[in-house]
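Protein chains in written order, with numbering that gives the first Met the number 0: chain S, 0 to 303; chain P, 0 to 443.
Just so it is clear, CB atoms sit at the ideal spot from N, CA and C, and this is done for glycine as well.
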Amino acid sequence: MLYFMQQLINGVTLGAMYGLIAIGYSMVYGIIGMINFAHGEIYMIGAFLSIISFTLLGMLGITWVPLALLIVLLIAMAFTSMYGWTVERLAYRPLRGSFRLAPLISAIGMSIFLQNYVQLTQGANVKPLRPVVIGGFVFGDPGGFTVTISYVQIIIILLTLILMIAFSYLIGRTPLGRAQRACQQDLLMAGLCGVNVDRTISLTFVMGAALAAVAGVMATLYYGVIDFFIGFLAGIKAFTAAVLGGIGSIPGAMLGGLTLGMVEAFWSGYFSIEYKDVASFSILVLVLIFLPTGLLGRPEIEKV
Amino acid sequence: MAGRVLADRATVPTGIDWPRALKESGLAAFVAFVLFLPLIGMQTVGIEGGLGLRYRMDWVLIGTAAVFVGRLALAAGRTVGLEGIGAALAPAARAQALIAPYGKFLAIAGVAFAFALPFMPFANRYVVDIGTTVLIYVMLGWGLNIVVGLAGLLDLGYVAFYAVGAYSFALFAQWFELGFWVSLPIAGALAALFGILLGFPVLRLRGDYLAIVTLGFGEIVRIILLNWYAVTNGPNGISAIPRPSFFGMAFDRSPPEGETAFHEFFGLSYSSLHRVAFLYFLILFLALITNAFVLRIRKLPIGRAWEALREDEIACRALGINPTSTKLTAFALGAMFGGFAGSFFATRQGFISPESFTFIESALVLAIVVLGGMGSQIGVVFAAMVLVLLPEFGREFEQYRMLLFGAAMVMIMVWRPRGLFAHREPTIRLHGRAPIDAGGPERP
Numbered sequence: 000m001l002y003f004m005q006q007l008i009n010g011v012t013l014g015a016m017y018g019l020i021a022i023g024y025s026m027v028y029g030i031i032g033m034i035n036f037a038h039g040e041i042y043m044i045g046a047f048l049s050i051i052s053f054t055l056l057g058m059l060g061i062t063w064v065p066l067a068l069l070i071v072l073l074i075a076m077a078f079t080s081m082y083g084w085t086v087e088r089l090a091y092r093p094l095r096g097s098f099r100l101a102p103l104i105s106a107i108g109m110s111i112f113l114q115n116y117v118q119l120t121q122g123a124n125v126k127p128l129r130p131v132v133i134g135g136f137v138f139g140d141p142g143g144f145t146v147t148i149s150y151v152q153i154i155i156i157l158l159t160l161i162l163m164i165a166f167s168y169l170i171g172r173t174p175l176g177r178a179q180r181a182c183q184q185d186l187l188m189a190g191l192c193g194v195n196v197d198r199t200i201s202l203t204f205v206m207g208a209a210l211a212a213v214a215g216v217m218a219t220l221y222y223g224v225i226d227f228f229i230g231f232l233a234g235i236k237a238f239t240a241a242v243l244g245g246i247g248s249i250p251g252a253m254l255g256g257l258t259l260g261m262v263e264a265f266w267s268g269y270f271s272i273e274y275k276d277v278a279s280f281s282i283l284v285l286v287l288i289f290l291p292t293g294l295l296g297r298p299e300i301e302k303v
Numbered sequence: 000m001a002g003r004v005l006a007d008r009a010t011v012p013t014g015i016d017w018p019r020a021l022k023e024s025g026l027a028a029f030v031a032f033v034l035f036l037p038l039i040g041m042q043t044v045g046i047e048g049g050l051g052l053r054y055r056m057d058w059v060l061i062g063t064a065a066v067f068v069g070r071l072a073l074a075a076g077r078t079v080g081l082e083g084i085g086a087a088l089a090p091a092a093r094a095q096a097l098i099a100p101y102g103k104f105l106a107i108a109g110v111a112f113a114f115a116l117p118f119m120p121f122a123n124r125y126v127v128d129i130g131t132t133v134l135i136y137v138m139l140g141w142g143l144n145i146v147v148g149l150a151g152l153l154d155l156g157y158v159a160f161y162a163v164g165a166y167s168f169a170l171f172a173q174w175f176e177l178g179f180w181v182s183l184p185i186a187g188a189l190a191a192l193f194g195i196l197l198g199f200p201v202l203r204l205r206g207d208y209l210a211i212v213t214l215g216f217g218e219i220v221r222i223i224l225l226n227w228y229a230v231t232n233g234p235n236g237i238s239a240i241p242r243p244s245f246f247g248m249a250f251d252r253s254p255p256e257g258e259t260a261f262h263e264f265f266g267l268s269y270s271s272l273h274r275v276a277f278l279y280f281l282i283l284f285l286a287l288i289t290n291a292f293v294l295r296i297r298k299l300p301i302g303r304a305w306e307a308l309r310e311d312e313i314a315c316r317a318l319g320i321n322p323t324s325t326k327l328t329a330f331a332l333g334a335m336f337g338g339f340a341g342s343f344f345a346t347r348q349g350f351i352s353p354e355s356f357t358f359i360e361s362a363l364v365l366a367i368v369v370l371g372g373m374g375s376q377i378g379v380v381f382a383a384m385v386l387v388l389l390p391e392f393g394r395e396f397e398q399y400r401m402l403l404f405g406a407a408m409v410m411i412m413v414w415r416p417r418g419l420f421a422h423r424e425p426t427i428r429l430h431g432r433a434p435i436d437a438g439g440p441e442r443p
């Protein structure tokens with residue numbers, strides 16, 4: 000039971016990160032119907048920005064953890080958003096209305112480019128960060144099996160909750176959210192009704208990138224090491240989460256992320272850790288075959 | 000295209016609109032500065048007890064200046080009436096139109112050159128080796144072209160079939176002591192079987208879902224190869240894979256008792272170059288078979304169905320083409336050629352490990368197909384040559400190779416979405432009439 004609890008906690012932590020990245024995929028897919036293949040790289044850039052700003056703050060002498068964390072989050076979100084915006088502007092906007100696979104191929108090119116860009120500028124070796132937040136709560140009898148919930152995990156889960164609430168408000172209650180939902184239903188019609196479609200799409204990318212940056216900061220805190228290649232796997236898994244939850248649906252993305260995180264944690268805990276990636280990819284294939292609309296998605300009808 | 004250029008000329012005044020161009024360039028430079036500042040300007044380096052930063056503000060400024068100048072050049076080009084760099088690529092298109100009537104002769108000349116390469120005076124071991132590598136990628140490109148170029152299915156896990164081909168030959172050789180020539184068809188069939196196994200459930204999906212699922216499949220295959228020690232020997236890979244023989248004659252200096260070596264039979268003095276040249280001709284032969292196959296099957300009903308499916312799936316369904324089985328054929332055939340190439344790769348290297356079959360390899364082959372122009376056979380050859388030869392010019396190119404590929408893929412999609420050597424016209428026309436939308440803007 001204790002072992003189960005531990006896996007559950009690990010799974011929720013992992014799932015929170017997947018969910019945050021998955022929202023970016025889901026929003027973009029909902030509005031312009033493309034898979035933003037470079038989104039995983041955006042998350043990786045977020046992680047690198049966080050490690051750079053942690054180092055910078057350490058050198059400046061700002062070591063009070065809550066303040067440092069806040070500053071790092073803001074820096075990472077700001078710069079990563081800029082990357083998200085630029086990627087959309089350069090690689091996707093000119094392709095609106097091109098043939099079906101063009102944006103996807105462009106996104107793959109962008110993903111390869113960003114990965115190598117970071118590899119060249121920051122170096123290919125792994126970057127270890129000295130633990131910023133140490134310690135945690137320990138449950139269970141000493142000497143026997145104990146359940147640990149570290150402060151980092153608590154921060155990750157709380158931060159995700161706060162972001163989800165803020166994000167729901169943004170989508171549900173603000174003019175920007177209304178414009179986004181309008182674009183999701185019908186891009187052309189929204190434009191005719193006076194919604195600035197280009198701006199809305201840009202902001203969607205910015206928001207997705209900001210959430211991915213938060214996930215990047217979390218990953219840096221949680222794992223302590225990052226390298227230029229982390230975006231690839233995280234990207235596919237987050238996409239799996241988005242599909243699992245029903246692509247285009249934002250609560251679905253979070254739900255899918257949590258489900259995937261838990262599946263992965265339990266698979267690693269009870270079966271084999273080597274094949275955990277196989278488990279998540281198999282889920283992707285199975286969901287697409289048997290439940291193409293996902294848990295909370297709407298069916299898509301192809302029209303002439 | 001011409002019409003659009005004229006229209007642009009009509010709407011913009013002659014002469015460069017300097018204030019606007021400068022404003023745009025300044026904005027681009029500002030964005031570039033912000034983007035470059037943390038990632039280029041501050042490099043994290045490991046120092047004692049943690050991480051330190053190395054500042055490289057000079058590079059940030061150089062990069063920003065480059066973006067400013069580049070953006071200004073684009074703005075200037077646009078005002079003059081060129082469509083950005085797309086126009087710079089137009090000469091390539093014109094050259095293509097120019098050589099189109101001589102395409103057949105060009106192809107024959109190319110093949111003749113390929114056959115003559117090992118006998119050229121400048122040909123040494125290195126040149127022939129590079130030629131072999133280029134041809135492997137050409138063959139992979141042609142195989143993937145069936146799936147991506149003809150059937151319009153984006154396959155991001157093509158390397159999985161390459162791996163299946165390589166590993167099946169290596170394992171057959173290890174366990175059953177089968178030779179290359181016996182294993183080759185079996186490896187191809189196995190790869191095709193894998194293609195069918197994967198394709199059957201997923202080909203009903205939308206195009207971009209298919210891309211991600213194939214990507215996941217490619218990774219699954221690699222992870223299994225990495226972890227299934229009992230069969231694949233994990234990350235250590237399989238070594239001592241037998242070399243191919245020429246009608247049973249080995250390329251050894253001293254063959255086993257009772258067998259004749261290649262150089263003994265032909266009365267030549269032994270040279271290790273014989274094997275290298277033989278491998279070169281072998282892959283040339285395999286690649287040409289692939290090419291002939293693709294060119295022929297395009298004219299068959301199934302090939303036409305692929306091209307029709309690529310253009311409009313709903314119309315195809317209305318006409319009674321079964322999309323799933325049609326796509327499945329393309330998938331299986333593409334996988335089969337990938338498997339052949341994989342077997343050849345295994346016998347050439349003599350050693351394989353999962354490291355050779357990463358996503359980067361899939362991306363590389365896809366880049367070859369996309370840059371060459373989806374559906375174009377000759378484009379694949381040029382793209383493969385560029386992509387393989389570029390890193391040979393120096394270490395710097397090797398380092399920047401993938402960076403350049405990524406950027407090139409984006410730029411090709413933005414400016415020439417049909418690839419440098421576009422081939423999207425249907426292979427067969429009705430009564431010699433031009434197809435309705437050859438070269439026109441595509442429907443979303």
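S/Tyr123: buried (16+ other C-beta within 10 angstroms of its C-beta) or exposed?
One-based indexing of the first sequence puts residue 123 of chain S at position 124. Residue 123 of chain S is actually Ala in this sequence, not Tyr. Under this definition S/Ala123 is an exposed residue.
Going along chain S, which residues have a C-beta under 7 Å from P/Glu218?
Numbered from its first residue, the second sequence carries residue 218 of chain P at position 219. What P/Glu218 touches in chain S: Asp276, Phe280.
Counting along the chain, where does the beta strand (DSSP E) carrying P/Val44 start and finish?
Taking the second sequence and counting its residues from 1, one reaches residue 44 of chain P at position 45. 41 to 46 is the span of the beta strand (DSSP E), which, as asked, contains P/Val44.
What residues match up with S/Val146 in a beta bridge as DSSP calls it?
Along the first sequence, read from residue 1 onward, the residue named residue 146 of chain S stands at position 147. DSSP lists S/Phe138 as partners of S/Val146.
Identify whether P/Arg53 lies in helix, strand or coil by the three-state DSSP scheme.
Residue mapping note: residue 53 of chain P aligns to position 54 of the second sequence, counting from 1. Three-state result, P/Arg53: strand.
From the DSSP output, which residues share a beta bridge with S/Met261?
Residue numbering aside, residue 261 of chain S sits at position 262 when the first sequence is read from its first letter. Note: S/Met261 sits in no beta bridge, so no partner.
Run through DSSP, which three-state label would P/Ala407 get?
The sequence position of residue 407 of chain P within the second sequence is 408, counting from 1. Correct three-state label for P/Ala407: helix.
Looking at S/Leu55 and P/Gly52, is the spacing between their C-beta atoms short of 8 Å?
For this step, residue 52 of chain P is matched to residue 53 along the second sequence. For this step, residue 55 of chain S is matched to residue 56 along the first sequence. In the sequence as presented, Gly is not what sits at residue 52 of chain P; that position holds Leu. Yes, these two residues count as a Cβ contact at 8 Å.
Based on the DSSP secondary-structure assignment, which residues constitute the bridge partners of S/Lys126?
Residue mapping note: residue 126 of chain S aligns to position 127 of the first sequence, counting from 1. In the DSSP output, where bridge partners are listed per residue, S/Lys126 has S/Ile225.
Which word fits P/Ala291, buried or exposed, when buried means at least 16 other C-beta atoms lie within 10 angstroms of its C-beta?
For the purposes of this step, residue 291 of chain P is taken as residue 292 along the second sequence, with counting starting at 1. Label assigned to P/Ala291: exposed.
Please confirm if S/Ile30 has its CB atom under 8 Å from at least one CB of chain P.
Residue 30 of chain S sits at position 31 when you count from the first residue of the first sequence. Output row for S/Ile30: interface = no.
Classify P/Glu446: buried if its beta carbon has 16 or more other beta carbons within 10 angstroms, exposed otherwise.
In the structure as shown, chain P begins at 0 and stops at 443. Residue 446 of chain P is therefore absent and cannot be evaluated.
Could one say the Cβ of S/Ala212 lies closer than 8 Å to chain P's Cβ atoms, at least one of them?
Locating residue 212 of chain S in the first sequence gives position 213, counting from the first residue. For S/Ala212, the answer is no, since every Cβ of chain P falls outside 8 Å of its Cβ.
Over the uninterrupted alpha helix (DSSP H) stretch that includes S/Phe280, give me the two end residues.
The residue labelled residue 280 of chain S in the question sits at position 281 within the first sequence. Unbroken alpha helix (DSSP H) run through S/Phe280: 275 to 289.
Which residues in chain P have a C-beta closer than 7 Å to the C-beta of S/Ser201? List them in chain order.
Taking the first residue of the first sequence as position 1, residue 201 of chain S is located at position 202. Residues of chain P passing the Cβ test: none, with the nearest at roughly 12 Å.
How far does the alpha helix (DSSP H) with S/Thr85 in it reach, from first residue to last?
The residue labelled residue 85 of chain S in the question sits at position 86 within the first sequence. Per DSSP, S/Thr85 belongs to the alpha helix (DSSP H) from 64 to 86.
Using a beta-carbon distance cut-off of less than 9 Å, what residues from the segment 116 to 149 of chain S approach chain C?
Absent here is chain C; the protein component of the structure consists of chains S and P.
Spell out a yes or no on whether the segment 134 to 151 of chain P and the segment 362 to 378 of chain P are touching, meaning 3 or more CB-CB pairs, one atom from each, closer than 8 Å.
The segment 134 to 151 of chain P is in contact with the segment 362 to 378 of chain P.
Cβ of S/Ser105 less than 8 Å from any chain P Cβ?
In the first sequence, counting from the first residue as 1, residue 105 of chain S sits at position 106. Yes, contact with chain P.
With a CB to CB cut of under 7 Å and the five nearest residues on each side skipped, what residues in its chain are close to P/Ala150?
Locating residue 150 of chain P in the second sequence gives position 151, counting from the first residue. Once the five neighbours on either side are set aside, the close Cβ partners of P/Ala150 are Trp305, Leu308, Arg309, Lys326, Ala329.
Does the Cβ of S/Gln6 have 16 or more other Cβ atoms within 10 Å, making it buried, or fewer, making it exposed?
Along the first sequence, read from residue 1 onward, the residue named residue 6 of chain S stands at position 7. The residue in question, S/Gln6, is buried, as its Cβ has 16 or more Cβ neighbours within 10 Å.
For P/Phe245, which residues does DSSP report across the bridge?
Your numbering for residue 245 of chain P matches position 246 in the second sequence. In the DSSP output, where bridge partners are listed per residue, P/Phe245 has P/Met248.
Cβ of P/Asn226 less than 8 Å from any chain S Cβ?
Reading the second sequence from its first residue, position 227 is the one you call residue 226 of chain P. Yes, because at least one Cβ of chain S sits closer than 8 Å to the Cβ of P/Asn226.
Between the C-alpha atoms of P/Val30 and S/Arg297, what's the straight-line distance to the nearest angstrom?
Residue 30 of chain P sits at position 31 when you count from the first residue of the second sequence. Residue 297 of chain S sits at position 298 when you count from the first residue of the first sequence. Going from the Cα of P/Val30 to the Cα of S/Arg297 covers about 38 Å.
Mind checking which residues open and close the alpha helix (DSSP H) that includes P/Val137?
Taking the second sequence and counting its residues from 1, the one referred to as residue 137 of chain P is at position 138. Here the alpha helix (DSSP H) through P/Val137 covers 124 to 144.
Below 8 Å on the Cβ atoms is my guess for P/Ile211 versus S/Ile104; work out the distance and round it to an integer in Å.
Within the second sequence, the letter at position 212 stands for residue 211 of chain P. Within the first sequence, the letter at position 105 stands for residue 104 of chain S. P/Ile211 to S/Ile104, Cβ: 13 Å. No contact.
Answer with yes or no whether the minimum CB distance from S/Met81 to chain P is below 8 Å.
Position 82 of the first sequence, counting from 1, holds the residue named residue 81 of chain S. It does: the Cβ of S/Met81 has a partner Cβ on chain P nearer than 8 Å.
With distances taken from CA atoms, which of S/Tyr150, S/Thr145, S/Ser49, S/Gly108 is nearest S/Ile133?
Residue 133 of chain S sits at position 134 when you count from the first residue of the first sequence. Measuring from the Cα of S/Ile133, the nearest candidate turns out to be S/Tyr150.
Between the Cα of S/Ile153 and the Cα atoms of S/Gly139, S/Thr120, S/Met163, S/Gly135, which residue gives the shortest distance?
The residue you call residue 153 of chain S lines up with position 154 of the first sequence. Of the candidates S/Gly139, S/Thr120, S/Met163, S/Gly135, the one whose C-alpha sits nearest the C-alpha of S/Ile153 is S/Gly135.
Tell me whether the segment 237 to 247 of chain S and the segment 54 to 71 of chain S touch, counting them as touching only if at least three CB pairs, one residue from each stretch, are closer than 8 Å.
No: the two stretches stay apart, fewer than three of their Cβ pairs being nearer than 8 Å.
Is it buried or exposed, P/Asp154, if we count other Cβ atoms within 10 angstroms and call 16 or more buried?
As a first step, residue 154 of chain P is located in the second sequence; it is residue number 155 there, counting from the start. Buried, by the Cβ-count rule.
Please report how far the alpha carbon of P/Gly178 lies from the alpha carbon of P/Phe250, in whole angstroms.
Reading the second sequence from its first residue, position 179 is the one you call residue 178 of chain P. Reading the second sequence from its first residue, position 251 is the one you call residue 250 of chain P. Cα-Cα distance, rounded: 14 Å.
What does P/Thr328 touch in chain S if you count any residue whose Cβ is under 7 Å from its own?
Taking the first residue of the second sequence as position 1, residue 328 of chain P is located at position 329. Neighbours of P/Thr328 on chain S: none; closest Cβ ~20 Å, over 7 Å.
Residues in the same chain with beta-carbon distance under 6 Å from P/Ala331, minus the five sequence neighbours each way, listed in chain order, please.
Against the second sequence, residue 331 of chain P aligns to sequence position 332. Around P/Ala331: Ala191, Gly194, Ile195.
How many Å lie between P/Gly287 and P/Val380 at the Cα?
As a position in the second sequence, residue 287 of chain P is number 288, starting the count at 1. As a position in the second sequence, residue 380 of chain P is number 381, starting the count at 1. Inspection of the sequence shows that residue 287 of chain P is occupied by Leu rather than by Gly. So the two alpha carbons sit approximately 12 Å from each other.
Just reading off the alpha helix (DSSP H) that P/Met240 is part of, what are its end residues?
As a working mapping, residue 240 of chain P is identified with position 241 in the second sequence. The residue you asked about is not Met; residue 240 of chain P is Ile in the sequence shown. From DSSP, P/Ile240 is part of no alpha helix (DSSP H); its letter is neither H nor E.
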